[in-house]
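S.K.:
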Amino acid sequence: MLNFDSQGLIPAVIVDDETGVVLLVAFMNQEAYQLTRESGQTHFFSRSRNKIWHKGEQSGNVQVVRDIFINCEENSLLIRVEQHGDAACHEGYQSCYYRRLLPDDSYEIVAERIFDPEEVYRTEQSEETMTTDDRGIETPQQLEQDLRQLYTVYISLRDQDHTATSNTSRLLHEKNRDFLVGRLKDELDELAGVQKGEHVHTGLEEDTTLEGSQVNYWLFLLAASKHIAYEDFNPHTAMLQGFTAHYTEEQVNELRKASIEQCSSDDPAHLIRGLIAGFSLVGWACISAEISPLAPIQYDLEQMKHKGLIKS
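Spelled out as structure tokens, the structure:
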């Protein structure tokens with residue numbers, strides 16, 4: 001029996017049956033899984049758009065399922081497919097993994113682009129691209145870029161000893177998980193309190209920016225202290241999910257509880273789920289306050305620049 005996570009999702013690794021190349025990693029909910037089984041073509045659940053999408057529906061590059069494998073804990077899938085068309089990635093590459101991560105955290109493109117996405121998706125938004133609206137998301141790419149830059153600073157403070165001058169570096173070297181989780185709980189409670197009008201400093205927008213940045217801070221410290229790779233929890237995707245999901249009050253409470261409980265676990269997989277839930281709540285708070293999810297991140301970046309941790 002499949003073990004879907006607390007959000008009803010299970011990750012699926014998609015592999016080209018002929019070449020063995022990993023084409024992409026996406027999520028399925030129960031409905032997407034059933035559609036995949038019934039149709040014989042991959043269907044996924046978009047966390048940003050809160051809807052099912054059929055791979056290749058726009059581009060024509062559908063994936064015909066050849067075999068489905070499940071891991072030992074029954075919480076992830078590996079699906080071997082016959083890839084129609086030469087490119088599985090919406091950016092026009094054979095695989096979504098067309099870039100190599102270099103030691104300085106920059107990227108090197110190591111594959112040839114097969115098609116121009118602007119031509120293929122001229123009239124419609126790409127099936128894999130996060131949606132945006134007029135309430136403040138400039139670009140999902142900017143959100144990812146800024147979050148990666150922030151996380152790189154925390155990793156640097158973890159890997160280098162700045163404990164004499166940086167409290168963050170000291171916290172990362174101490175690795176006191178209980179303290180970090182306790183502070184995360186406090187900030188998640190305050191973030192929810194801001195949206196209810198129960199925790200007020202200046203005003204809704206300013207307070208959401210401040211408390212959202214604090215939640216991000218403790219989440220990043222938990223991730224960095226446990227050496228979790230950025231790609232394992234993709235905070236930009238989680239934030240956009242929360243920004244577009246229209247959570248009910250009950251769902252918000254469940255996510256807050258899940259984030260705290262999962263982040264308290266020694267199991268890295270549980271921690272990752274907790275991180276995703278936490279970042280989703282920051283996205284939810286931003287849409288509730290009608291501000292961009294970039295606001296708390298850019299607030300943190302400015303603080304980093306002021307402290308000389310990031311060059312202007």
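Using full-length UniProt numbering, you'd call the opening residue of the sequence shown number 1 and step up by one each time.
We put the CB at the ideal spot given by N, CA and C, even for glycine.
All values reported here derive from a predicted model rather than from experimental measurement.
Taking the alpha-carbon positions, what's the THR132 to SER46 distance?
M.R.: Low local confidence applies: a pLDDT of 36 at THR132 is under 50, so the model's placement there is unreliable, with the coordinate-based value given in what follows. When rounded, the distance between both Cα atoms is 14 Å.
S.K.: So PHE27 is in the beta strand (DSSP E); what residue range does that whole segment cover?
M.R.: Where PHE27 is concerned, the enclosing beta strand (DSSP E) stretches over 22 to 28.
S.K.: What do you reckon, are the CB atoms on GLN241 and SER280 nearer than 8 Å?
M.R.: Yes, they are a contact pair.
S.K.: Which word fits ARG100, buried or exposed, when buried means at least 16 other C-beta atoms lie within 10 angstroms of its C-beta?
M.R.: Classification of ARG100: exposed, given that the 10 Å Cβ count is below 16.
S.K.: Of the choices GLU206, LEU24, LYS226, whose alpha-carbon is the least far from that of TYR97?
M.R.: Residue LEU24 is the option with its Cα nearest to TYR97.
S.K.: What residues in its chain sit with their C-beta under 8 Å from that of LEU172, if we drop five residues either side in the sequence?
M.R.: The answer, listed in chain order, is TYR154, LEU157, ARG158, LEU221, ALA224, SER225.
S.K.: Since VAL64 contacts HIS84 with CB under 8 Å, what's their CB separation in whole angstroms?
M.R.: That pair is a contact at about 7 Å.
S.K.: Would you mind reading off the limits of the beta strand (DSSP E) that contains ASP67?
M.R.: Per DSSP, ASP67 belongs to the beta strand (DSSP E) from 63 to 70.
S.K.: Mapping DSSP to helix, strand and coil, what is ASP267?
M.R.: ASP267 falls in the coil class under three-state DSSP.
S.K.: Is DSSP giving ILE310 helix, strand or coil here?
M.R.: Reduced to three states, the DSSP call for ILE310 is coil.
S.K.: Could you pull out every residue in the same chain whose Cβ sits closer than 6 Å to the Cβ of PHE4, ignoring the five residues on either side in sequence?
M.R.: ILE10.
S.K.: Return the residue from the list ASN216, LEU77, ASP67, THR36 that minimises the CA-CA distance to ILE52.
M.R.: Nearest C-alpha to ILE52: THR36.
S.K.: Looking at LEU184 and ILE228, is the spacing between their C-beta atoms short of 8 Å?
M.R.: In this structure, LEU184 does not lie closer than 8 Å to ILE228 by Cβ.
S.K.: Give the list of continuous beta strand (DSSP E) stretches no shorter than 3 residues that lie fully inside the region 76 to 115.
M.R.: Qualifying beta strand (DSSP E) stretches, in chain order: 77 to 83, 99 to 101, 107 to 109.
S.K.: Let me check one thing: in DSSP terms, what residues is GLU44 bridge-paired to?
M.R.: Residue identity differs from the one stated: residue 44 is Phe in this sequence, not Glu. Paired residues: TRP53.
S.K.: Per DSSP, which residues does ILE10 bridge with? Please list them.
M.R.: According to DSSP, which records beta bridges pairwise, ILE10 is partnered with MET28.
S.K.: Closest to PRO268 by CA distance: which of THR208, THR248, ARG177, GLY308 is it?
M.R.: Checked all of THR208, THR248, ARG177, GLY308; the closest Cα to PRO268 is ARG177.
S.K.: Can you check DSSP and say which residues form a bridge with VAL15?
M.R.: Answer is VAL22, ARG80, bridged to VAL15.
S.K.: Between which residues of its own chain and SER166 is the CB-CB distance below 7 Å, once the five residues before and five after are set aside?
M.R.: Same-chain partners within the cutoff: LEU157.
S.K.: Could you tell me if ASP300 is buried or exposed, where buried requires 16 or more neighbouring beta carbons within 10 angstroms of its beta carbon?
M.R.: Classification for ASP300: buried.
S.K.: Beta-carbon within less than 6 Å of GLU138's beta-carbon, same chain only, minus the 5 sequence neighbours each way: which residues are those?
M.R.: Unreliable positioning characterises GLU138 in this predicted model, as indicated by a pLDDT of 44, which lies under 50. A coordinate reading is not provided.
S.K.: Taking the continuous alpha helix (DSSP H) assigned at SER59, which residues delimit it?
M.R.: SER59 -> no alpha helix (DSSP H), and no H or E assigned at all.
S.K.: Quick check on this structure: which residue in ALA258, PHE69, GLN195 has the alpha carbon closest to the alpha carbon of ALA285?
M.R.: Among ALA258, PHE69, GLN195, the Cα nearest to that of ALA285 is on GLN195.
S.K.: Secondary structure at ASN3, three-state DSSP: helix, strand or coil?
M.R.: The answer is coil: DSSP assigns ASN3 none of H, G, I, E or B.
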